[in-house]
Amino acid sequence: MIVLDTNVLSEIMKPNPDTHVLSWVDSVPPRDIAITAITVAEILYGIGRLPDGSRLRKLMSAAAAVFKEDFTDRVLEFDADAAVEYAALVVEREAAGLSIPMADAQIAAVCRVQACTLATRNVRDFQGTGVTTVNPWNDDPYPRTNAEEGGRTG
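One point on numbering: in the working numbering, the residue at position 63 of the sequence shown is 915, and numbering is uninterrupted.
Shown next as structure tokens:
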């Protein structure tokens, strides 16, 4: 399973998404792609910060359609297992003198628990987390395992 990071989902929701990203996403069978509840929250938060008006309403409607139609039964929860993994991941990062934004750590924790690859533009942010990453902007067909960079696998 490949989890789309918020930046990937945001890109494919644009009126004119990057052609490499769109091609990359289209090359993966839909049943093999998921998002996390954290990404749902980040997308809705970003839209919700817009001034009230037709753009806000259109984007909220489009996001609701994407979540309901494109990702029905493929939104991975941040559950108790992910919470335990999140705590371990953040402690590991702090011990190494590294920081990680809360949302990224939560997404990484879900990926670790579910043994998923993460598609993200921000590969560097996930180095050392033990999460396998792929960057759709580079059309990289070979996911990178961050274990090579000091992180845990899986």
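Virtual Cβ for every residue (Gly too), placed ideally from N, Cα, C.
**Prompt:** When you compare only the Cα positions, how much space is there between L908 and V936?
**Reply:** 36 angstroms
**Request:** Express the C-alpha separation of G905 and E929 in angstroms, rounding to a whole number.
**Result:** 31 angstroms
**Asked** Can you tell me whether P903 is buried or exposed, with buried defined as 16 or more other CB within 10 angstroms of its CB?
**Response** exposed
**Item:** Alpha-carbon spacing of R926 relative to E863, whole angstroms
**Value:** 18 angstroms
**Asked** Any idea if N868 is buried or exposed, counting beta-carbon neighbours within 10 angstroms, 16 or more meaning buried?
**Response** exposed
**Asked** Based on the DSSP output, what are the partners of V860 in its beta bridges?
**Response** DSSP lists no partner for V860.
**Request:** Whole angstroms is fine: what's the gap from D878's alpha carbon to P988's?
**Result:** 11 angstroms
**Request:** Report all residues from its chain with a CB closer than 7 angstroms to the CB of Y994; omit the five preceding and five following residues, and keep chain order.
**Result:** Any reading at Y994 must be qualified, since the residue scores a pLDDT of 49, below 50, and its modelled position is unreliable; the value itself is stated next. Cβ neighbours of Y994 beyond the five flanking positions: none.
**Message:** For T858 and Q958, I'd like the C-alpha separation in whole angstroms.
**Reply:** 12 angstroms
**Message:** Cutting at 7 angstroms between CB atoms, please list the residues of its own chain near I895, excluding the five before and the five after it.
**Reply:** T858, L861, S862 and A915
**Request:** Quick one: give me the first and last residue of the alpha helix (DSSP H) that L911 is part of.
**Result:** S906 to A917
**Message:** What does the alpha-carbon distance come out to for the pair A886 and D931?
**Reply:** 16 angstroms
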